[in-house]
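Trainee: Residue numbers (UniProt numbering), protein chains in the order written: chain C, 1 to 468; chain W, 1 to 468; chain Z, 1 to 468.
1. Who are the neighbours of residue 13(C) on chain W, taking C-beta pairs under 7 Å?
2. At what residues does the beta strand (DSSP E) containing residue 353(C) begin and finish?
3. Residue 377(C) lies in the beta strand (DSSP E); which residues open and close that run?
4. The beta strand (DSSP E) spanning residue 165(Z) covers which residue range?
5. With distances taken from CA atoms, which of 334(W), 348(W), 331(W) is nearest residue 294(W)?
6. For the candidate residues 140(W), 105(W), 110(W), 109(W), whose alpha-carbon lies nearest to that of residue 472(W)?
7. Out of 199(W), 416(W), 46(W), state which residue places its alpha-carbon closest to the alpha-carbon of residue 281(W).
8. Alpha carbons only, please: which of 202(C), 237(C), 203(C) is nearest the one belonging to residue 218(C)?
9. Please return the same chain residues whose Cβ sits closer than 8 Å to the Cβ of residue 8(C), not counting the five positions on each side in sequence.
10. Under 8 Å between beta-carbons, which chain Z residues line up against residue 327(C)? List them in chain order, please.
11. Could you spell out where the beta strand (DSSP E) holding residue 316(W) opens and where it closes?
12. Should residue 224(Z) and residue 283(Z) be called a contact, given that it needs their Cβ atoms to be closer than 7 Å?
13. In terms of residue numbering, what span does the alpha helix (DSSP H) encompassing residue 101(C) cover?
14. Taking the alpha-carbon positions, what's the residue 398(Z) to residue 272(Z) distance?
15. In the DSSP assignment, what residue or residues form a beta bridge with residue 248(Z)?
16. Which residues, in order along the segment 446-464 of chain C, keep a beta-carbon less than 7 Å from a beta-carbon of chain Z?
17. Compile a chain-ordered list of the residues in the segment 61-74 of chain Z whose CB is closer than 8 Å to at least one CB of chain C.
18. Grouping DSSP H, G and I as helix and E and B as strand, with all else coil, what is residue 88(W)?
19. From what residue to what residue does the alpha helix (DSSP H) around residue 141(C) run?
20. Report the option in 138(C), 263(C), 189(C), 132(C) whose CA atom is closest to the CA atom of residue 57(C).
21. Closer than 7 Å by C-beta to residue 123(Z): which residues in its own chain qualify, once you throw out the five before and the five after it? Chain order, please.
22. Looking at the unbroken beta strand (DSSP E) that takes in residue 32(W), where does it start and where does it end?
23. Answer yes or no: the CB of residue 292(Z) versus the heavy atoms of the ligand GTP, is any distance below 6 Å?
24. Beta carbon of residue 359(Z), beta carbon of residue 307(Z): below 7 Å?
25. Is residue 385(W) close to chain Z, meaning its C-beta is less than 7 Å from at least one C-beta of that chain?
26. Assuming residue 70(C) and residue 371(W) form a contact by the criterion Cβ under 8 Å, report the distance between their Cβ atoms to the nearest whole angstrom.
27. Could you tell me whether any Cβ in chain Z is nearer than 7 Å to the Cβ of residue 259(C)?
28. Once the 5 residues before and after residue 88(Z) are set aside, which same chain residues still bring their CB inside 7 Å of it?
29. Return yes when the Cβ of residue 5(C) is within less than 7 Å of the Cβ of residue 434(W), no when it is not.
30. Could you give the first and the last residue of the continuous alpha helix (DSSP H) run that contains residue 70(W)?
31. Near residue 234(Z), which residues of its chain fall below 6 Å by C-beta distance, leaving aside the five closest residues on each side in sequence?
32. Kindly identify the DSSP beta-bridge partner or partners of residue 171(W).
33. By the three-class DSSP mapping on this structure, what secondary structure does residue 73(W) have?
34. Let me make sure I understand the geometry here. Which of 65(Z), 92(Z), 91(Z), 59(Z) has the alpha-carbon closest to that of residue 105(Z)?
35. Would you kindly work out how many angstroms separate the C-alpha atoms of residue 221(C) and residue 38(C), rounded to a whole number?
36. Closer than 8 Å, Cβ to any Cβ of chain C: which residues of the segment 177-210 of chain W, in chain order?
Shown next, in the form of structure tokens:
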């Protein structure tokens, strides 16, 4: 028994809906390629049961707690840990009830679709979450979590995940990835190289992190040459754990291509903590070009995720720390910002640079035109605040006419909310099939061409772009 | 007899249209809450008949005269007064005929919908305005205006207005509001505190205005402490005339939170007329935070309306003065601009800050993410150039997925065109019901949830947010 | 026999589609007014057969080769000439096969519609281009090109072009236009005055170009007064070859209105090559106002096409030169940028300034509000990356409510791809009829009004705005 509409997110006009439904029926159960995300590798390493419904679904999901918080609910009441260790709600059932009481706040949001989908398809819930059904749903999930079928590896298989990438800091020891590999389990969980902590002079503990990088690699990271060698070494280490990409979350899309001596001098200033804010931005920007050059040798895909003003509220940052739903997109320039990088490596046919944006205005104006001409550049899927039905629709409507389908790279879920992964990919598949159906119905695409595109968008492009 | 399509602005697909129509039928005759507008309280105080069709509908409506003017019609020909008192058209019938002759210019614009609606529903006109029908329509309206049923208070009641807010300068004496209250008439007409004249160092006569504020409040407004006390005093005075909000029309969304001594020094510079343009912006920005702090005590809702380049044409400003349709939206940053204010008071659950935008790109990128997390912040409805069918649709499509419905505050008409008020609220109700119908038809919302939301968007949210 | 859907690009809902089809049937075969484009007047002067399918359709079309190049195909393989004269593909059939093999890349793009339309309607091809049909289609086109019916003038007539404007540099001798006129052929091919080479201090050979302008006009262009006189003289010369407009492709929309002595001094710096980048921008901006003042006398329409970052890749610029698909739109401000020009001449009812944008965000925020009030300002159609189905739809949805239909100027194709001209105008007519049909179906327009608007958008407005 289901409570979700089986034709959800398809175009409403009957003849177009029929086309969309037919396309979707061919791709809806394709394996999931999840080339960029933030699930915890420890889950798959230890394969312990998830703790409780609140810990699994509410407390770690910033989409959920930010909305509840926006209506005046203290983060403490949702069990979000305080920096000072102060008292927070410990009773998962109370947290769950608070969530259910306020579930109406998510009307019209993607979180609603993701949670509904997970409740129905993962846990077999047959009614919408509400104050009335809160306890019943809680009990149902709790009961499930005691079963082996709901342990991380079993869910991974149930979700039909062919490959998933987590993201680890360059100075992470990858112990959980090691444990996964040692376990003999066949699930493909790979890492990605995220060096912000050793590339961003403004990152907490930058100099210490660089020293740690030296210790881990046996390179002398007090010198520019040693620092670059350490990156090369560490990228190779990450590749041993399946990494096919690096990932860079800079405040802006700025890139630079400095002469070696200028870069070396800037690196010294960064290590000594004397970079100005602008110099720090220059250094980060230059390192993107260095990373791209390393990619020419080792084949890692370069992902650039710019444009978020992180931890916007000083109050919340002070009380709860980083990543508490207070990251806000900002206006982002790409045309001038990416030029140094693209002049350096943009013509390389074997290099893949994937750029994401939180500023949708840049898609038709800047990113589709850039990805539609530079051989090395591809356009990442709608990201974060825009990985929603409307965001995905706007993405296709504003990207396709200039960049086509084949300068995009399929979908990625970018999530730490494990149970939402099937839902998120399902939304993308439905929206893409609806978009293709509209192209057919309006004579912009022939019916015989669409199944191949639907397959590529749901599966093939991600696999190819990320070399899975 | 009607000439307007009864299903106007609903989605076109039959099954979705049916859902929209059903939702609309439940909310279309709800009372109007008009919490932000610019009607003249003198109308309701004196309750005199409106002068003539041109004076009522054309001459004061900048939406109408800007379009006519854009096609080369001199403002003089529309009866818009000149600064130098030079000759302008005095014959209302001639103005009306000119309007009717050029009514085709409004095809596809919201003005067309508003005027059609007013002609049909307020004045019982049964044919579209055109050169042919111009005189007939003019005579019909003229005849109506002689009847008591078309006096301001009668129209207020006919329009089913439960409460309306006008906007008055902080140094207004509120005499018309006083007269309304003294009259014993039951219509709820309240004021709002608009202190631009005493907050903006670049406002004409700023120092004199601040002196007047001192005189009106008995405070010494030559000192920073006295100036703040005068605001507190004046806000209390406005509250006695029903004010539940303050309103701030700054060029940018900049806010500041200065130390008291820095603010005091800046205030001295402002009074002496020696602020640089940037210092003036800093002062305005700081005063938003001061206003918010006063709101913590007196409960007024803080409205920020930034982003308009006022009186863009020097020629028109010189010949006709301010507010002649030459206010043009500009690109507006909110993420950096609002941070000082939000760090100061953004976590206050009992404070309501409503932010409006004329830069639609800021909605999905900045304002929905901000309103979707800060407890104090709400997102105002589509405003001014965007209070149209397409603008409202884009607003819901770009705001809802991140901010939901409950971080928005319903609709406000923001108008001085009295007869357009029912039309404007009707457009909002139709578009919102159409949006909800689309969510239902695409499986994003259950049918049983939508009536409550439709009611909230049409009535409940405005009433609650503005404390009416 | 056709392979294109006859109802392509119309709304999908049956009743709306029926309205759109009826409107379209009245305008689809109206003559083409092409007031802004880049066809080569030499074609019409010499009237020689076009060389081969690749030379006609692929190699000169940057929309096509940029997409192929983005997927790693070297420009050399497409026959694009190298600056160093190095080897490139010479066999047109090989180029054509490469195009056909990769034709799937254009799925969902306007290029696909344009090429399909040209193949079907111009060359009578009955099947979609594909690796399988590549040779057959090539042979078909080749055969056509040997016939007189496929020479430039015959195609001009077949395409039902009533008037077309090419664009020539201010220092072009207009020999091909002269030859067309001398030939006695009746086709209306006019020029447009494009003075970038003698207005932009950063243009290659600026000082030499200005000297040439002096030689051509007999004016002393070493002085500011002589330089302006030379422009006036040259504009008159262009008018003798039918020019009704000037066209200006500046990096930004900046305008200035400098005192004469300041302008004269800046001109001297420009001639001596000592302008800073900012001074060059000021000079370009001031010249727009000078051009507008000349328009007051000679009646030329002023077209401003700002916002493209030209030749973004240094690598491609070095290897293949200018205009190789590497022009990327940038964020563009109009509100502040156009103010000096609009203060100077914006109230002139007999002046027409047409502004284009590559930054769609500026339409609802800046350009529709500006064009909706300034008598001299009109809004150009969706341009370049946005002259597509979705771009045109977004244009109407974001421009109409504020600027109406009558502050826009119909469609122009802006193309050098001759055979795509009917297709491009057809797309515009279909989208506009679909937009009007939607307005009717949603009660925003009466059915009796739409045919006139459809006719104006397809034909009348362009003819009127460009004085054809």
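Each residue gets a CB set at the ideal place from its N, CA and C atoms; glycine is no exception.
Mentor: On the basis of the coordinates in this document:
1. For the purposes of this step, residue 13(C) is taken as the residue at position 13 of the first chain. Correct list: 13.
2. What you label residue 353(C) is simply residue 353 of the first chain in a count that begins at 1. Per DSSP, residue 353(C) belongs to the beta strand (DSSP E) from 353-355.
3. By 1-based counting over the first chain, the position of residue 377(C) is 377. 377-379 is the span of the beta strand (DSSP E), which, as asked, contains residue 377(C).
4. One-based indexing of the third chain puts residue 165(Z) at position 165. Run containing residue 165(Z): 161-165, per the beta strand (DSSP E) assignment.
5. Here residue 294(W) corresponds to residue number 294 of the second chain, with the count starting at 1. Here the closest residue by C-alpha is 348(W).
6. Residue 472(W) lies beyond the range of chain W shown here (1 to 468); nothing can be said about it.
7. Within the second chain, the letter at position 281 stands for residue 281(W). Relative to residue 281(W), the option among 199(W), 416(W), 46(W) whose CA is nearest is 199(W).
8. Reading the first chain from its first residue, position 218 is the one you call residue 218(C). Ranking 202(C), 237(C), 203(C) by Cα distance to residue 218(C) puts 237(C) first.
9. Here residue 8(C) corresponds to residue number 8 of the first chain, with the count starting at 1. These residues qualify, in order along the chain: 113, 430.
10. Against the first chain, residue 327(C) aligns to sequence position 327. The premise fails here: residue 327(C) is roughly 22 Å from chain Z at the closest Cβ pair, so nothing lies under 8 Å.
11. Counting from 1 along the second chain, the entry for residue 316(W) is found at position 316. Run containing residue 316(W): none in the beta strand (DSSP E); it sits in the alpha helix (DSSP H), 314-320.
12. Numbered from its first residue, the third chain carries residue 224(Z) at position 224. Numbered from its first residue, the third chain carries residue 283(Z) at position 283. No, these two residues do not count as a Cβ contact at 7 Å.
13. Position 101 of the first chain, counted from the first residue, corresponds to residue 101(C). Per DSSP, residue 101(C) belongs to the alpha helix (DSSP H) from 92-101.
14. Taking the third chain and counting its residues from 1, one reaches residue 398(Z) at position 398. Taking the third chain and counting its residues from 1, one reaches residue 272(Z) at position 272. C-alpha separation (whole angstroms): 44 Å.
15. Position 248 of the third chain, counted from the start, is the residue given in the question as residue 248(Z). 304(Z).
16. 446, 449, 453
17. The residues in question are 66, 67, 69, 70, 71, 72.
18. Against the second chain, residue 88(W) aligns to sequence position 88. DSSP places residue 88(W) in coil when its eight states are reduced to three.
19. Translated into positions along the first chain, residue 141(C) becomes position 141. Start and end: 134-145.
20. Your numbering for residue 57(C) matches position 57 in the first chain. For the options 138(C), 263(C), 189(C), 132(C), the alpha carbon positioned closest to that of residue 57(C) is the one of 138(C).
21. Position 123 of the third chain, counted from the start, is the residue given in the question as residue 123(Z). These residues qualify, in order along the chain: 140, 141, 144.
22. As a working mapping, residue 32(W) is identified with position 32 in the second chain. That run of the beta strand (DSSP E) goes 32-34.
23. Although the ligand GTP was asked about, the structure shown includes no ligands whatsoever.
24. As a first step, residue 359(Z) is located in the third chain; it is residue number 359 there, counting from the start. As a first step, residue 307(Z) is located in the third chain; it is residue number 307 there, counting from the start. For residue 359(Z) and residue 307(Z), yes; Cβs fall inside 7 Å.
25. As a working note, residue 385(W) is residue 385 in the second chain. By this cut-off, residue 385(W) is an interface position.
26. For this step, residue 70(C) is matched to residue 70 along the first chain. For this step, residue 371(W) is matched to residue 371 along the second chain. Indeed they touch by this definition, with Cβ atoms about 7 Å apart.
27. Indexing the first chain from 1 puts residue 259(C) at position 259. For residue 259(C), the closest Cβ of chain Z is not nearer than 7 Å.
28. Counted from its first residue, the third chain places residue 88(Z) at position 88. Answer for residue 88(Z): 76, 79, 80, 81, 82, listed in chain order.
29. In the second chain, counting from the first residue as 1, residue 434(W) sits at position 434. In the first chain, counting from the first residue as 1, residue 5(C) sits at position 5. Taking 7 Å as the Cβ cut-off, residue 434(W) and residue 5(C) do not qualify as a contacting pair.
30. The count along the second chain starts at 1 and reaches residue 70(W) at position 70. In the DSSP annotation of this structure, the continuous segment of the alpha helix (DSSP H) that includes residue 70(W) starts and ends at 62-70.
31. For the purposes of this step, residue 234(Z) is identified with residue 234 of the third chain, where counting begins at 1. Excluding residues within five positions, the ones whose Cβ falls inside 6 Å are 170, 217.
32. Counting from 1 along the second chain, the entry for residue 171(W) is found at position 171. In DSSP, residue 171(W) forms no bridge with anything.
33. Locating residue 73(W) in the second chain gives position 73, where the first residue counts as 1. When DSSP states are grouped into helix, strand and coil, residue 73(W) belongs to the coil group.
34. For the purposes of this step, residue 105(Z) is identified with residue 105 of the third chain, where counting begins at 1. The shortest Cα separation from residue 105(Z) among 65(Z), 92(Z), 91(Z), 59(Z) belongs to 65(Z).
35. Reading the first chain from its first residue, position 221 is the one you call residue 221(C). Reading the first chain from its first residue, position 38 is the one you call residue 38(C). Between residue 221(C) and residue 38(C), the C-alpha separation is close to 28 Å.
36. none
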